[in-house]
Amino acid sequence: MYLNGEVEPCPLCGLKYCIFGMFEGRHVQDLISQQLQKYEHGEGAFKDGSTLQGLQDASPTEWWSRYGAQCPELQKLSIRIPSQTCDGILGFDLKRSLTEELLSRKKTTNQIDYEYLLDTTYVQCNVQLQNTKSKALSDLYALCNAFKEACACPTPSKVLIPKGTFLLAQVSLEGPCKAPVKIVVRGTLKAPTDLSKMKADGSWVTFQHIDRLTLSGGGTFDGQGSKAWGTCGLKSYCKQLPINLRFNFITNAIVEDITSKDSKQFHVNVLGCNNLTFGRFTISAPEHSLNTDGIHIGRSTGINITDSNIGTGDDCVSIGDGSRQITITNVTCGPGHGISVGSLGKYMNEEPVVGVTVRNCSFFNTMNGVRIKTWPASFQGSVSDMHFEDIIMNNVSSPVIIDQIYCPHNECNAKLPSLVRISNVSFKNIRGTSSTPVAVKLACSSCIPCRGVEISDIDLRYTGKEAGAAVSECSNVRPKIFGKHSLTICT
């Protein structure tokens, strides 16, 4: 017997507990208890040689189907339990008999007893996926059905995707759910390579409107994007190419021990979320993969990225408008374009970006390090309370940069200044090597100069062929300078 995905120390005790939880009628409880004694003592057909041999050859469900007919009530229960589906819980009225008891006891029962009772009602919904030779559609139905059942459970539930490789079609897993849901991915999910089989809504796997979601398990979402990279030219966004993972309006959630590989577009897009943490998250794509931002955040609050490794063909992390209280710690970035706030100001009515902290991060062979970028000839906007500290740069092209003349592919009028206001920004204890002479570049708007910029303890050395010292370039900004520096700052 399994409870909450773990083996119950006393299987028969756990089974008896389920009997009384699932069946309210005393007559049925007594019948199953009597039949259970026959099973324990090997009476009747249970001592037959072929029956015993079947224990080695068949799964528990198959064994009970073949050999359990002499104990029909116990047979039915034993087939039902391994499926561990929410349908089983609802069908046996556990929702009413046990969950309501939990709720009623919460205020009077001590925390240990309460948590034990809650654990015993934890439901696991196993996804019955096929191998890669099967159609993606069947795997899609399996995942959708399991999630639908889990989402409908009144107690915490789990969807398990086992080890193996599975082809998964475009899918949206939507709440709201009645209780916390864990999705445990242990295998590798592969996206279709034929774009004609995917709707042009910009996503492969979408999670939305879910509170208390956990996505974990050590599995991989493989976007199989190598054939798609560059099909839209050098545009910054290509609508028909799907993003690997979308999180829309997710709250109080954790994504940990998950890998996103070779996305066709952005790896992760976060929109309208609150209190979402990415931990031990891995993003893997080659340097030449176009427009494959690692994690893009927009209009979200309380997003944390920690203890993660991101290597891709664009920004490791990009922070769009409306982002507030974003914390990035212990992240390794490379290859990629660094960690960027922006680009901002391209569209009307963009919301302010407030409170971004990047701390204890390392950059290896990236195009940029830590960057704030806004468009010239922009709409109005604001960026404030940006703090970058305790950063290591290793062969980074532009380690520290504020770029308010960001104009890739000459898609703008660079002669007109940016109208995005930047204030209260600090760069502290940044050290390592720069692959270009300009290690610090602060190019602020000529119309609205940067205010409240502080720079302290910058130790960046140029390692290029010219072997000269690293330098800084500054315009429309008067930063406050503290500590020791290996280069002259903004003179």
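Positions 51 to 541 (our numbering) are the ones given, in order, by the sequence shown. We put the CB at the ideal spot given by N, CA and C, even for glycine. In this text the structure is predicted, and so the values were computed from the model without any measurement.
With 16 other Cβ atoms within 10 Å as the buried cut-off, status of residue i
| i | result |
| --- | --- |
| Q258 | buried |
| M443 | buried |
| Q84 | exposed |
| D244 | exposed |
| K232 | buried |
| A37 | What is shown of the chain runs 51 to 541, which leaves residue 37 out entirely. |
| Q454 | buried |
| Y397 | exposed |
| K247 | exposed |
| K249 | exposed |
| H387 | buried |
| G94 | exposed |
| N460 | exposed |
| N20 | No information on residue 20 is available, as it lies outside the stretch 51 to 541 that the chain covers here. |
| H346 | buried |
| K311 | buried |
| P449 | buried |
| T215 | exposed |
| N294 | buried |
| F532 | exposed |
Chain-order list of residues whose beta-carbon lies under 7 Å from that of residue i (same chain, five-residue window excluded)
| i | result |
| --- | --- |
| S534 | The amino acid at residue 534 is misidentified as Ser; the sequence shows Lys. Excluding sequence neighbours, K534 sits near D507. |
| L124 | I82, Q85, L86, Y89, G118 |
| S393 | K423, T424, W425, Y456 |
Rounded C-alpha distance that separates residue i from residue j
| i | j | result |
| --- | --- | --- |
| F316 | C366 | 10 Å |
| P529 | N418 | 21 Å |
| A493 | V255 | 38 Å |
| L466 | R296 | 35 Å |
| T407 | I422 | 12 Å |
| T538 | P426 | 27 Å |
| T41 | V420 | Because the chain spans 51 through 541 in this model, residue 41 falls outside it and cannot be assessed. |
| S313 | L469 | 33 Å |
| N181 | L193 | Interpretation of N181 is limited by its pLDDT of 47, a score under 50 that renders its predicted location unreliable; the figure taken from the coordinates is listed afterwards. When rounded, the distance between both Cα atoms is 14 Å. |
| V320 | V521 | 36 Å |
| W113 | P206 | 29 Å |
| R471 | S390 | 16 Å |
| I480 | L510 | 7 Å |
| D371 | T238 | 33 Å |
| P292 | A278 | 10 Å |
Beta-carbon proximity list for residue i, same chain, < 6 Å, skipping 5 on both sides
| i | result |
| --- | --- |
| I360 | I333, G344, C366, C383 |
| I304 | T264, T327 |
| E306 | S266, G329, R330 |
| N415 | G384, P385, N445 |
| S133 | For S133, the pLDDT reaches just 47, beneath the cut-off of 50, and the residue's location in the model is therefore unreliable, leaving the point undetermined. |
| G352 | N324, N325, Q375 |
| G280 | L340 |
For residue i, the first and last residue of its enclosing beta strand (DSSP E)
| i | result |
| --- | --- |
| R501 | 501-512 |
| H535 | 530-535 |
| H338 | H338 -> no beta strand (DSSP E), and no H or E assigned at all. |
| D453 | 448-453 |
| I355 | 351-361 |
| I539 | Per DSSP, I539 belongs to no beta strand (DSSP E) and is neither H nor E. |
| F545 | Since the first and last residues shown for the chain are 51 and 541, residue 545 lies out of range. |
| E224 | 221-224 |
| E523 | 521-525 |
| R409 | 403-414 |
| C383 | 374-383 |
| T603 | The structure shown does not extend to residue 603, since the chain is modelled only from 51 through 541, so no value can be given for it. |
| K97 | Run containing K97: none; DSSP gives neither H nor E here. |
| H346 | 345-348 |
| F299 | That residue, F299, is in no beta strand (DSSP E); it is neither H nor E in DSSP. |
Sequence-distant residues of the same chain with beta carbon closer than 8 Å to residue i, five excluded per side
| i | result |
| --- | --- |
| G518 | P487, Y512 |
**Study point:** 4 or more residues per run - each alpha helix (DSSP H) lying fully within the region 253-287
**Key:** List check, alpha helix (DSSP H) in window: nothing returned.
Practice item. Could you pull out every unbroken beta strand (DSSP E) segment of at least 3 residues lying fully inside the region 301-334, listed in chain order? Key: 301-306, 309-311, 318-321, 324-329, 332-334
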